[in-house]
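Numbering (the numbering used here), first residue to last: 1 to 104.
This is the structure we're talking about:
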């Protein structure tokens with residue numbers, strides 16, 4: 001079994017989709033299909049600072065991805081998948097040094 005085939009189970013609070021997701025599925029599925037499957041909302045952020053690339057807001061019963069309006073499609077896709085990997089406990093390679101994920 002390769003690392004792409006390994007499946008991790010989410011460590012989110014009860015009420016939030018507890019899904020087993022492989023890195024391959026997270027990286028290969030069309031993003032909008034994946035968000036629908038996981039019942040995760042993607043919203044435009046009111047933050048316009050180009051340094052802000054996105055945030056994952058996790059509550060007791062849902063996950064919302066908040067992404068900057070006007071963000072390049074490739075960046076949005078990569079950052080959204082990285083954030084999903086973090087909140088769903090899916091092991092992924094780190095993003096390039098330009099990006100940092102901060103947990104608060």
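For each residue, glycine too, the CB sits at the ideal point set by N, CA and C. Treat the numbers as computed from the prediction; the structure is a model and nothing was measured.
With contacts defined as CB atoms closer than 8 angstroms, residue 78 and residue 65 fail to qualify as a contacting pair.
Here residue 94 is exposed: its Cβ has fewer than 16 other Cβ atoms, across all protein chains shown, within 10 Å. For residue 40, same chain residues with a beta-carbon under 6 angstroms away, outside a window of 5 residues either side, are 63 in chain order. At the C-beta level, residue 21 and residue 88 come within 8 angstroms of one another. Check the Cα spacing between residue 96 and each of 25, 61, 68 and 82: the tightest is with 82.
The shortest C-alpha to C-alpha distance from residue 38 to any of 45, 29 and 46 is the one to 29.
For residue 43, the enclosing beta strand (DSSP E) covers residues 41 to 45. Under the DSSP definition of a beta bridge, residue 55 partners with 66. Counting other Cβ atoms within 10 Å of its Cβ, residue 69 stays below 16 and is therefore classed as exposed.
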